[in-house]
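Heads up: the structure comes next, in structure tokens.
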């Protein structure tokens, strides 16, 4: 993708994502699933990037889906320890109660959402912005898109939230870059952070229910099917 196309893609996809998530959070059940899981997740964050990969005759290695080695493993461990430790250690030292019982209903939705974030913002956008504008701009754009898209969630609309999410997004983007653009590394840096953040700030997240878990698991299956079918098409 050239400079004008990637700028257009970033702007339009970000606006659509915020709109879809905002609408989703006005509802529950099927309507939430349509706007969140299907439109934001499957269409904008997964199918559209894959469609553009197929047009450009690229494979999944160009969005960071590739084997990891020693370097990637070191980056992964370092960022997870720093991220999770930074949140948990102060709570443990202060002997604060940590409500892990909140987590089970959030596992499938967070696994799903983390994939959408990493596949789009790191794997697709950051890699292509870097090719056109360089690594520093790519890291900044990736972090900005990650933070600003949270405006779709009613619980993350303060200036403080967006600035904090920008800092978090910088960490994910830097991990992606330092790991030689490995989506696996950035995903598993993001996911534990999402779990811990939910435990501490569940009131800022959408309400997770048995129904939303079922939709999330079905969506995860759909993602795997899309990836498998797309990989076969890329071999042709």
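In the working numbering, the protein residues as written are 1080 to 1315.
Note that CB positions come from ideal geometry on N, CA and C, so glycine has one too.
Just so you know, these numbers come straight off a predicted model, no measurement behind them.
Check: Quick test of your reading: residue 1108 and residue 1191, contact by CB under 8 Å. State the CB separation rounded to the nearest angstrom.; Outcome: About 16 Å separates the two Cβ atoms, so there is no contact after all.
Check: Please classify residue 1247 as buried or exposed, where buried requires at least 16 other C-beta atoms within 10 Å of its C-beta.; Outcome: buried
Check: Three-state secondary structure (DSSP) at residue 1224?; Outcome: helix
Check: Tell me the DSSP secondary structure of residue 1294 in three-state form.; Outcome: helix
Check: Classify residue 1142: buried if its beta carbon has 16 or more other beta carbons within 10 angstroms, exposed otherwise.; Outcome: buried
Check: Output the boundary residues of the alpha helix (DSSP H) element that contains residue 1094.; Outcome: 1082–1103
Check: Sort 1094, 1259 and 1262 by Cα distance to residue 1226 and report the nearest one.; Outcome: 1094
Check: In terms of residues, what are the limits of the alpha helix (DSSP H) holding residue 1243?; Outcome: 1238–1257
Check: Assuming the contact rule is C-beta atoms closer than 8 Å, residue 1267 and residue 1182 should be a hit. Round their C-beta distance to whole Å, please.; Outcome: 17 Å between Cβ atoms; not a contact.
Check: May I have a chain-ordered list of the alpha helix (DSSP H) segments no shorter than 4 residues that lie completely inside the segment 1117–1183?; Outcome: 1127–1134 and 1149–1172
Check: With residue 1264 as the anchor, note down where its alpha helix (DSSP H) starts and where it stops.; Outcome: 1262–1280
Check: Can you tell me the Cα-Cα spacing of residue 1162 and residue 1205, whole angstroms?; Outcome: 21 Å
Check: Looking at the structure shown, is residue 1115 part of a helix, part of a strand, or coil, going by DSSP?; Outcome: helix
Check: Go through its chain and collect everything with a Cβ distance to residue 1254's Cβ below 7 Å, but skip five positions before and after it.; Outcome: 1154, 1158, 1264, 1265 and 1268
Check: Taking the alpha carbon of residue 1084 as the point to measure from, which residue in 1113, 1207 and 1279 has its own alpha carbon closest?; Outcome: 1207
Check: I think residue 1201 touches residue 1252, with their Cβ atoms under 8 Å apart; what is that distance to the nearest whole Å?; Outcome: 6 Å
Check: Report the CB separation of residue 1262 from residue 1198 in whole angstroms; it is logged as a contact under 8 Å.; Outcome: 7 Å
Check: Leaving aside the five residues before and after residue 1310 along the sequence, list all residues of the same chain whose C-beta is less than 7 Å from its C-beta, in chain order.; Outcome: 1139
Check: Have a look at residue 1126 and residue 1308 and give me their C-alpha separation to the nearest angstrom.; Outcome: 11 Å
Check: Check whether the segment 1287–1296 and the segment 1173–1189 are in contact - that is, three or more C-beta pairs closer than 8 Å.; Outcome: yes
Check: Rounded to a whole number of angstroms, what is the C-alpha to C-alpha distance between residue 1238 and residue 1220?; Outcome: 18 Å
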